[in-house]
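Q:
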Amino acid sequence: MIRKTRENADRWGVELPTTVADWRQLSKHVDGQFDAIVCLGNAFTHLFDEDDRVMALAEFRRVLRAGGILIIDHRNYDYILDNGFRSKHKYYYCGREVDARPIEIDINAVKFQYSFPDGSRHFLTLHPIRLNRMKTLLENAGFRNLTSYGDFEEDYDFDDTDFVVHVAATG
Ligand SMILES: C[S@@+](CC[C@H](N)C(=O)[O-])C[C@H]1O[C@@H](n2cnc3c(N)ncnc32)[C@H](O)[C@@H]1O
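By the numbering used here, the letter at position 109 of the sequence shown is numbered 211, and the numbering carries on one by one without gaps.
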């Protein structure tokens, strides 16, 4: 991902310092006050431990300047937990040819299977965070003015949403 980031930065002619850091110790690795943190691609749900989620959000807030924003997303796990899986098959992160679906659904862990056109299959297990829990975590971490988008729309039907993106400001 770092290599791809550098390729993209070169392509667009921008200088983009890169580093690898665990979110939970982010402030140890990056200095300066950032305008925005972007944590997309359902990435936050790689954290399974509530303490880790609290720690990561606190660190995100710590490295943002006053008035800075956090942009963070997750799948609509409420729908998956309550109804099983369905998808508009519109928002994929790995190409239109790839089928992604949960094959094991549990309150603590959802195992996704990614099937590729060449017949290969890959698996990813994630923590199914609920919308209200995520909002509470953001508030408890000191984020304010939360706006949530369903599949990139501010006006959305939650039951017909694949991904939720939150935009939250430091207090
Ligand atoms: C599904 S990928 C999404 C990547 C990227 N945001 C995107 O949209 O293409 C999830 C990413 O979260 C990263 N990740 C998971 N836990 C992390 C942690 N504790 N600290 C930093 N990164 C983490 C993984 O290494 C992986 O790169």
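We put the beta carbon where it would ideally sit given N, CA and C, even for glycine.
#1: Roughly how many angstroms separate the alpha carbons of A168 and T272, rounded to a whole number?
#2: Would you call the CB atoms of V200 and F218 closer than 8 Å?
#3: Any chance you could list the residues with Cβ under 5 Å from a heavy atom of ligand 1, keeping chain order?
#4: Count the C-beta pairs between the segment 219 to 227 and the segment 245 to 252 that are closer than 8 Å, then say yes if the count reaches three, no if not.
#5: Assuming the contact rule is C-beta atoms closer than 8 Å, L142 and I173 should be a hit. Round their C-beta distance to whole Å, please.
#6: What residue range is occupied by the uninterrupted alpha helix (DSSP H) comprising N110?
#7: Could you check the C-alpha separation between A160 and T147 for me, to the nearest Å?
#8: Going by C-alpha distance, which of D133, D124 and R188 is nearest A202?
#9: Assuming L128 contacts V165 (C-beta within less than 8 Å), just tell me the rounded distance between them.
#10: Look at the Cβ atom of N178, then the Cβ atom of T121, and state whether they are nearer than 8 Å.
#11: Going by C-alpha distance, which of F260, F245, N210 and N242 is nearest F150?
#12: Rounded to whole angstroms, what is the Cα-Cα separation between D133 and D112?
A: To lay it out plainly:
#1: Counting from one through the sequence shown, the residue named residue 168 turns up at place 66. Counting from one through the sequence shown, the residue named residue 272 turns up at place 170. Going by the C-alpha atoms only, they are around 6 Å apart.
#2: Working through the sequence shown from its first residue, we reach residue 200 at position 98. Working through the sequence shown from its first residue, we reach residue 218 at position 116. Cβ atoms of V200 and F218: closer than 8 Å.
#3: D124, W125, L142, G143, A145 and H148
#4: no
#5: Counting from one through the sequence shown, the residue named residue 142 turns up at place 40. Counting from one through the sequence shown, the residue named residue 173 turns up at place 71. The pair is a contact, with the Cβ atoms about 7 Å apart (cut-off 8 Å).
#6: By 1-based counting over the sequence shown, the position of residue 110 is 8. That run of the alpha helix (DSSP H) goes I104 to W114.
#7: Along the sequence shown, read from residue 1 onward, the residue named residue 160 stands at position 58. Along the sequence shown, read from residue 1 onward, the residue named residue 147 stands at position 45. For A160 and T147, the distance between alpha carbons rounds to 16 Å.
#8: Within the sequence shown, residue 202 is the residue found at index 100, counting from 1. Answer by Cα proximity: R188.
#9: Counting from 1 along the sequence shown, the entry for residue 128 is found at position 26. Counting from 1 along the sequence shown, the entry for residue 165 is found at position 63. Right, the Cβ-Cβ distance comes to about 6 Å (below 8 Å), so this counts as a contact.
#10: Position 76 of the sequence shown, counted from the first residue, corresponds to residue 178. Position 19 of the sequence shown, counted from the first residue, corresponds to residue 121. In this structure, T121 does not lie closer than 8 Å to N178 by Cβ.
#11: To locate residue 150, count along the sequence shown from 1; it is residue 48. Nearest of F260, F245, N210 and N242 to F150, Cα basis: N210.
#12: As a first step, residue 133 is located in the sequence shown; it is residue number 31 there, counting from the start. As a first step, residue 112 is located in the sequence shown; it is residue number 10 there, counting from the start. Looking at the two C-alpha atoms, the distance is approximately 23 Å.
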